[in-house]
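Here the structure comes first, spelled out in structure tokens, and everything after it is commentary.
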Amino acid sequence: MSLTFIHITDTHLGTTCDELVYFYAPGQALKAVLKQIAADGAYDASLIVDTGDMIRDWSHPSAYETGKKIYGLEEKSPAPGPLRMRAEGMDLPWYYVPGNVDNRPECRKRLFAPDPGTALFNYTWKAQGIRFLSLDWGASGTNRYTLTSQSFNWLKKQLNQSCPTVILTHHPPVSIGIPMFDEMTPPDLNRLHELIAGSPVLAIFHGHTHHPWENRIDGIPVFGTGSVTYRRCLHHNYEQGMVLEIHPPQYRVVTIHSDGSVSAPIHEVPWRS
Ligand SMILES: [Fe+2]
């Protein structure tokens, strides 16, 4: 039996649906994404996952209200969900894995029901025999991230259990070959790769870069999904300022097939349809 889910990431919403962020309208972009997903019958997906950076930056936590409104999030439950996503007449279980603009306590307080959980969003849940792990690097308010012993040991414990597994995380667990991103990655990614190699992990999904990627860890596919919001030009010089690109918002429709193989095509929303 196969399982399908939708991966969205990096919406960077403003404090209203129409607010422009760097001349981009992320609220309208997310609305367009959800409209297209609904028009395509939600791909018969079993759930939808947002891997973080929902709000424009860490100093605008009220923007979580924009996200709740556009996603049509209902039925409070503890982090990481599921909440019910009712946008565009859909009804899907919705999970959230925070990124580096998500202050964890603010994110918990504004999106989820109170619970005695730890600060980090290291969680596990199952759907149709597939185990999902949300791996939280803990970085907030900074672009740099580290492999904390808390998250590493938690993941190690989870991967000791044999079960087909999908890892959802905000930051790329691999170097991607672009200096402006790779200079943010932890220097000890190798020990993460050693942990994942030979494990029951079927695939890993991440955001953060705002550009899509496909990499591998010991043959295990690692899919970076492009943002709903703006992207930075990959080859600009920071000292000369930030250069942004305009692009169609995107998401992936992921299918875990009964043989353990994974397909994850990118869908883009055309500017005019
Ligand atoms: Fe982001």
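Heads up: the sequence shown runs through residues -1 to 271, numbered per this note's numbering. Backbone N, C-alpha and C fix where the C-beta goes; we use that ideal spot for every residue, glycine too. Source: prediction; values computed, not measured.
Subject >> CB of P96 within 7 Å of CB of P80, strictly >> reply: As a working mapping, residue 96 is identified with position 98 in the sequence shown. As a working mapping, residue 80 is identified with position 82 in the sequence shown. 7 Å or more divides the Cβ of P96 from the Cβ of P80.
Original post:
R108 CB to nearest chain B CB: under 7 Å?
Top reply: The chain inventory of the structure shown lacks chain B, comprising one protein chain alone.
Subject >> T64 in three-state terms, based on DSSP >> reply: Translated into the one-based positions of the sequence shown, residue 64 becomes position 66. Here T64 sits in helix by DSSP.
Subject >> Other residues of its chain near T7: CB distance less than 6 Å, five sequence neighbours each side excluded >> reply: One-based indexing of the sequence shown puts residue 7 at position 9. Within the same chain, Cβ atoms closer than 6 Å to the Cβ of T7 are found at T49, G205 and T223, the five residues on either side in sequence being excluded.
Original post:
Among R142, T144, S149 and G175, which has the Cα closest to the Cα of L133?
Top reply: Indexing the sequence shown from 1 puts residue 133 at position 135. Nearest option by C-alpha distance: S149.
Subject >> Collapsed DSSP secondary structure at G115 in the structure displayed >> reply: The sequence position of residue 115 within the sequence shown is 117, counting from 1. In the structure shown, G115 sits in coil (DSSP, three-state: anything other than H, G, I, E or B).
**OP:** Identify the continuous alpha helix (DSSP H) that holds S149 and give its terminal residues.
**Re:** As a first step, residue 149 must be located in the sequence shown, where it is residue number 151. Taken as a continuous stretch (DSSP letters only), the alpha helix (DSSP H) holding S149 covers S147 to L157.
Subject >> Assigned secondary structure, L187 (DSSP; H/G/I helix, E/B strand, else coil) >> reply: Residue 187 sits at position 189 when you count from the first residue of the sequence shown. Looking at L187 - three-state DSSP - the assignment turns out to be helix.
Original post:
Considering only residues of the same chain and omitting the five flanking positions on each side of L232, which have a CB-CB separation below 8 Å?
Top reply: Here residue 232 refers to the residue found at position 234 of the sequence shown. The residues are I176, M178 and H209.
Original post:
Could you check where the alpha helix (DSSP H) with K33 kicks off and where it finishes?
Top reply: For this step, residue 33 is matched to residue 35 along the sequence shown. Where K33 is concerned, the enclosing alpha helix (DSSP H) stretches over P24 to A37.
Subject >> Paired residues, beta bridge with A101 - DSSP >> reply: Locating residue 101 in the sequence shown gives position 103, where the first residue counts as 1. For the record, residue 101 in the displayed sequence is Asn; it is not Ala. DSSP lists no bridge partner for N101.
Original post:
Should Y62 be labelled buried (16 or more other beta-carbon atoms within 10 Å of its own) or exposed?
Top reply: Within the sequence shown, residue 62 is the residue found at index 64, counting from 1. Taking every protein chain shown into account, the CB of Y62 has 16 or more other CB atoms within 10 angstroms, so this residue is buried.
**OP:** Examine the Cβ distances between the region 150 to 164 and the region 120 to 133 and report whether three or more of them are shorter than 8 Å.
**Re:** Cβ pair count under 8 Å is three or more, so yes.
Subject >> Contact set for Y20: own chain, Cβ-Cβ below 7 Å, skip 5 residues either direction >> reply: In the sequence shown, residue 20 corresponds to position 22, counting from 1. Around Y20: Y228 and L242.
Original post:
Under the three-state reduction of DSSP, which class applies to E17: helix, strand or coil?
Top reply: If you number the sequence shown from 1, residue 17 lands on position 19. Assignment of E17 by DSSP, reduced to helix, strand and coil, places it in the coil class.
Original post:
Quick one, are the C-beta atoms of D113 and P76 less than 7 Å apart?
Top reply: Here the question's residue 113 lines up with position 115 in the sequence shown. Here the question's residue 76 lines up with position 78 in the sequence shown. One thing to note: D113 has its Cβ within 7 Å of the Cβ of P76.
Original post:
Among H5, P268 and V31, which has the Cα closest to the Cα of T94?
Top reply: On the sequence shown, residue 94 is found 96 positions in, with the first residue counted as 1. Note on identity: in this sequence residue 94 is Tyr, with Thr being the wrong assignment. Among H5, P268 and V31, the Cα nearest to that of Y94 is on H5.
**OP:** Figure out for me which residue from T122, A117 and Q126 has the closest Cα to the Cα of A137.
**Re:** For the purposes of this step, residue 137 is taken as the residue at position 139 of the sequence shown. Ranking T122, A117 and Q126 by CA distance to the CA of A137 puts A117 first.
**OP:** Measure the C-alpha to C-alpha separation of D89 and S57 and round it to an integer number of angstroms.
**Re:** What you label residue 89 is simply residue 91 of the sequence shown in a count that begins at 1. What you label residue 57 is simply residue 59 of the sequence shown in a count that begins at 1. Distance between the alpha carbons of D89 and S57 is about 31 Å.
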